[in-house]
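Engineer:
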Amino acid sequence: MRRFLLAAFLSASLPAFAFANVIGERAGWKVHETGYSFTELVERVDNAVKANEMGLVTRASASAGAKNAGITIPGNMVIGVYRNDFARRMLAANIAAGIEAPIRFYVTEEPDGTATLSYKTPTTVFSPYFAEGGDALEVLAGELDTIFAQIAEEAVGE
């Protein structure tokens, strides 16, 4: 029954996917359009995360779920990235900020077959907790900003 409901929902939504806006610039986001295919960019992100000694913590893909239901939608993958030493420091600064970890990269397939890499900067993600987390959380977010920018640069070849 669930599979049928998912298939019915996705089928009804397919026209929206065909005309949905691509991800554009947004406050606090970094958006990198590439010439890579969706599959290539996901692999490049995975490799860049490992090269920067961060952990691939989570992975979620509506397109993979839809494919399992026999439906094709544009590729998308949310890749959660973090590392235990950052987690310990984050939690020491502010327990509530823990809901934001891992911080995510978003790979989306564009209508022309290329893919885009997007992410909210760690400073943007953690900024609601700065008043409580103080300098320790702000410093941590800044360190993560640098690492996430490096991962993105390596993944997109900039």
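Residue numbering for the sequence shown follows the numbering used here, starting at 257 and increasing by one per position.
We put the CB at the ideal spot given by N, CA and C, even for glycine.
Remember, it's a predicted structure, so these values are computed and weren't measured experimentally.
When the Cα atoms are used, what is the spatial distance from residue 340 to residue 375?
Structural biologist: Position 84 of the sequence shown, counted from the first residue, corresponds to residue 340. Position 119 of the sequence shown, counted from the first residue, corresponds to residue 375. Whole-angstrom Cα-Cα distance: 20 Å.
Engineer: When the Cβ atoms of the stretch 401–412 are set against those of the stretch 315–331, are three or more pairs found closer than 8 Å?
Structural biologist: no
Engineer: Can you list, in chain order, the residues of its chain with a C-beta nearer than 7 Å to that of residue 369? Leave out the 5 residues immediately preceding and following it.
Structural biologist: Looking up residue 369 in the sequence shown gives position 113. Hits under 7 Å: 293.
Engineer: Taking the beta carbon of residue 324 as the centre, do at least 16 other beta carbons fall within 10 Å, making it buried, or is it exposed?
Structural biologist: Position 68 of the sequence shown, counted from the first residue, corresponds to residue 324. Classification of residue 324: exposed, given that the 10 Å Cβ count is below 16.
Engineer: Taking its Cβ as the centre, do 16 or more other Cβ atoms sit within 10 Å of residue 355, making it buried, or is it exposed?
Structural biologist: As a position in the sequence shown, residue 355 is number 99, starting the count at 1. It is exposed - the Cβ of residue 355 has fewer than 16 other Cβ atoms within 10 Å.
Engineer: Which partner residues does residue 375 have in the DSSP bridge list?
Structural biologist: In the sequence shown, the residue the question calls residue 375 occupies position 119. Its beta-bridge partners are 286 and 361.
Engineer: For the pair the stretch 303–312 and the stretch 388–399, tell me if three or more CB-CB distances fall below 8 Å.
Structural biologist: no
Engineer: Can you give me the start and stop residues for the beta strand (DSSP E) that residue 314 sits inside?
Structural biologist: By one-based count along the sequence shown, residue 314 stands at place 58. Segment 311–316, the beta strand (DSSP E) holding residue 314.
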